[in-house]
Amino acid sequence: MNLIFNLKQSTANCINNLYSIQLQPEQVLVNATKPEFEGDYTIVLFAFVKQLGKSPEVLGNELGEAMLAAMPGIITKFNIVKGFLNFTISNAYWFDFINATTPDNLLPAAKHPRKIMVEYSSPNTNKPLHLGHLRNNFLGWSIAEILKLQGNEVVKTCIVNDRGIHICKSMIAWQLFANGATPNDTKQKGDHFVGDYYVKYNDAYKAEVTALVASGMTQELAEKEAPIQKAAQAMLLKWEQGDPETIELWKHMNSWVYEGFNTTYKKIGSDFAKTYYESNTYLLGKELVEQGLNKKVFYQKEDSSVWIDLTADGLDEKIVRRKDGTSVYITQDIGLAEVKQKEFNTDASIYVVGDEQNYHFKVLKLICQKLQLPAADGIFHLSYGMVELPTGKMKSREGTVVDADDLVEEMIAISKEKTESLGKVSEFSQDQLTELYNTIGLGALKFFLLRVDPKKKMVFNPEESIDFHGFTGPFIQYTHARIKSILRKTGTDINLVASELLPLEKQLAIELSTFPDVINEAAETLDPSKVAIYTFNLAKLFNTFYAELSISNAESEEKKHLRIKLGILIAATLQKGMSALGIAVPEKM
RNA sequence: GGUUCGGUAGCUCAGCUGGAUAGAGCGUCAUCCUUCUAAGAUGAGGGCCAUUGGUUCGAAUCCAAUCCGAAUCACCA
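One point on numbering: in this note's numbering, the residue at position 437 of the first sequence is 437, and numbering is uninterrupted.
Structure, rendered in structure tokens:
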């Protein structure tokens with residue numbers, strides 16, 4: 001059931017029959033009719049007026065009559081205003097829609113289900129998660145859910161950046177300053193504990209550089225010569241050589257971090273079918289470099305480093321293997337793409353990664369295509385913008401990061417406070433209350449981060465903590481709870497009898513009918529904000545309806561049953577839409 | 001400098017496959033709880049859609065130039 005498509009199709013057919021002009025349904029523009037005009041859907045005639053050499057009035061009348069005949073029982077009348085042909089859809093059509101729709105068939109079955117990988121989260125093990133990671137995690141989860149609603153099979157993966165110089169920095173600082181302390185001793189989450197040593201490293205490094213400069217060294221030289229920096233580099237070398245003591249320390253500190261991450265993931269609801277570790281994957285891709293050399297996709301310079309020339313594609317030359325034979329970032333990613341493809345054999349692979357890596361992913365896809373890897377064409381980069389503070393970018397060194405755990409706790413605390421002050425859930429048990437606060441607090445946070453276009457950078461103002469009114473998660477959760485409360489009183493045992501729909505009832509039916517299109521569009525554009533906006537509009541429309549018309553005290557039994565059915569469908573749609581954002585909706589709040 | 005992305009109400013954002021009078025939320029002001037959950041609803045106010053030019057019956061939307069902001073152009077990941 002897709003009325004808009006049928007309208008386009010019929011219009012194309014009618015124009016073809018009337019004037020022998022071939023039109024694709026996609027060329028027909030169908031809009032919802034503006035409220036100030038009569039009708040439900042509007043076809044814009046201007047596009048055809050010129051081509052047919054007919055006035056909009058004449059064309060509108062001829063086309064309108066033909067459409068009446070083409071869609072009997074659906075289109076009941078039409079009118080023409082300037083170049084706009086407005087159709088009124090029959091009451092029976094919308095009544096049948098309400099009657100035939102159930103919470104279980106809100107979305108059609110998948111036509112071509114695919115197997116899709118979503119890689120997201122991808123943390124570093126030297127510092128705790130912050131607001132930017134939350135955007136990443138929520139986006140990744142949401143995209144996975146949206147794709148599942150479409151009927152696809154989804155495999156969620158995570159690549160952990162667990163090696164490299166930044167990890168060594170935390171390790172050195174721990175050796176120097178910790179006196180053998182563990183997260184247990186300081187009662188800290190492991191990721192915060194390790195993150196603190198990363199900060200301590202940077203403080204020590206800065207102090208050393210300042211001291212060296214004071215003793216007469218140039219800034220540039222001091223930055224290279226700072227002893228702690230040299231120690232970190234030496235440690236990286238030892239790590240790469242497999243020095244047992246270093247490896248042991250590395251494993252130990254990473255285990256603390258993972259414990260912390262797991263707590264956070266559990267709290268915010270992130271999970272993965274498979275986690276890859278860069279310490280295992282960083283040597284991948286070497287055989288592919290050899291293959292690429294043989295295929296002449298790559299070339300070798302005199303110093304024996306290996307490159308690819310992408311200038312023909314509008315990009316630069318890019319190194320894929322160092323002169324010492326080691327892999328670079330891009331090489332690993334090529335290797336990992338191949339490994340993932342072999343392991344899961346997916347039709348597509350979506351990488352949820354910040355937009356600072358746009359260039360990287362362009363190069364990655366291009367190289368994979370040139371190597372003719374099976375994974376190549378399925379690579380999609382879901383690029384999202386940074387979360388900024390009103391003062392600008394978050395910088396860990398300047399202490400301006402918004403910590404993920406802190407923010408989550410704050411949101412839950414606010415939801416607790418608000419819930420208590422409203423006093424509507426006095427009969428809840430302590431466990432139920434805890435769950436409710438989590439649901440609302442996380443709902444507010446997730447909705448806030450998902451309601452804007454992922455591509456765009458967004459501003460988060462910690463001073464004006466996230467809202468619970470208006471275009472927010474709690475507003476929609478509240479609307480859902482409100483409907484459920486009504487349905488508990490009226491019951492859901494209904495017997496639908498056809499009746500004339502009031503404008504608000506019809507509007508709700510129309511809004512409900514677009515849900516599948518919204519999910520499809522969100523899936524195609526990898527944009528959960530489309531779903532956020534839709535659920536908000538639906539909830540808002542229901543609230544208007546609620547203020548105007550009574551369900552339990554409806555004018556008649558037919559109306560009461562009809563509105564109960566609408567309530568059931570709206571609640572179910574809100575629930576599904578919000579679940580696509582990773583947000584639960586309470587029965588009561 | 002090259003490439004890419006952005007600039008819409010005081011603030012945060014929709015709208016951008018060209019269509020009727022540019023929309024929400026927050027904030028401000030004013031109304032509505034003896035009646036299904038007021039985390040709600042209704043109304044008011046708020047706009048040279050960065051600028052200039054072009055294409056078109058019609059431009060916030062497409063094209064060009066300019067201004068402003070961001071990312072990137074690493075043998076870091």
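Note that CB positions come from ideal geometry on N, CA and C, so glycine has one too.
Three or more beta-carbon pairs separated by less than 8 Å link the stretch 505 to 515 to the stretch 541 to 560, which places the two stretches in contact. Straight through space, the alpha carbons of Asn17 and Ile367 are spaced by roughly 50 Å.
Per DSSP, the unbroken alpha helix (DSSP H) holding Val213 starts and ends at 190 to 214.
CA-CA distance, Asp313 to Phe361, rounds to 14 Å. If you look at Met235, you'll find it isn't in any beta strand (DSSP E); it sits in the alpha helix (DSSP H) that goes 227 to 241. In this structure, the alpha-carbon of Glu420 lies about 23 Å from that of Asp405. Spanning the alpha carbons of Gly285 and Pro374 requires a straight line of approximately 15 Å.
By the neighbour-count criterion, in which a residue is buried when 16 or more other Cβ atoms sit within 10 angstroms of its Cβ, Ser552 is exposed. By the Cβ rule, the stretch 484 to 501 does not count as touching the stretch 77 to 86, because fewer than three pairs are nearer than 8 Å. Judged by their CB atoms, Phe536 and Ile476 are nearer to each other than the 8 Å cut-off.
Taken through DSSP and simplified to helix, strand or coil, Gln300 comes out as strand. For Asp309, the enclosing beta strand (DSSP E) covers residues 306 to 309. Under the three-state reduction of DSSP, Asn16 is assigned to helix. For Ser122, no beta strand (DSSP E) run applies, since DSSP gives it neither H nor E.
Taking all protein chains shown into account, Gln229 has 16 or more neighbouring C-beta atoms within 10 Å of its C-beta and is therefore buried. The DSSP assignment places complete beta strand (DSSP E) segments of no fewer than 3 residues inside the stretch 378 to 439 at 379 to 384, in order along the chain. The beta carbon of Met235 sits closer than 7 Å to those of Cys168, Met171, Ile172, Thr246, all from its chain and outside the five residues before and after it, given in chain order. Taking the CA atoms as reference points, Ala444 sits about 15 Å from Ala580.
The shortest C-alpha to C-alpha distance from Glu26 to any of Asn91, Ile15, Phe5 is the one to Phe5. Residue pairing for Met117: DSSP places it in a beta bridge opposite Val155, Ser349. By a beta-carbon distance limit of 8 Å, Asn137 does not contact Ile21. Their separation comes to about 51 Å.
At the C-beta level, Val402 and Met394 come within 8 Å of one another. The continuous beta strand (DSSP E) containing Val44 extends over residues 41 to 44. If only complete runs of 4 or more residues are kept, the stretch 463 to 504 shows the alpha helix (DSSP H) at 473 to 490, in order along the chain. Residues of the same chain with a CB within less than 6 Å of the CB of Tyr197, apart from the 5 flanking positions on each side, are Ser170, Ala173, Trp174 in chain order. Comparing alpha carbon positions, the residue from Ile319, Ile98, Thr101 closest to Asp303 is Ile319. Taken atom to atom, the span from the alpha-carbon of Leu23 to that of Leu52 is near 12 Å. Looking at the DSSP output, Met458 shares a beta bridge with Val387. Val194 and Asn520 have their alpha carbons spaced roughly 42 Å apart. Per DSSP, Ala178 is not a residue of any beta strand (DSSP E), being assigned neither H nor E.
Between Pro516 and Pro113 a beta carbon distance of about 15 Å is seen, past the 8 Å cut, so the two are scored as non-contacting. Distances from the CA of Val160 to each of Arg488, Glu278, Gly378, Ile440 were compared; the closest alpha carbon is that of Glu278.
Here the alpha carbon of Leu106 sits roughly 8 Å from the alpha carbon of Ser513. Taking every protein chain shown into account, the CB of Glu248 has fewer than 16 other CB atoms within 10 angstroms, so this residue is exposed. Scanning Lys342, Met386, Ile43 for the CA closest to the CA of His133 turns up Met386. Around Val328, the same chain offers Ile319, Val320, Arg321, Arg322 as residues with beta carbons nearer than 8 Å, after the five sequence neighbours per side are excluded.
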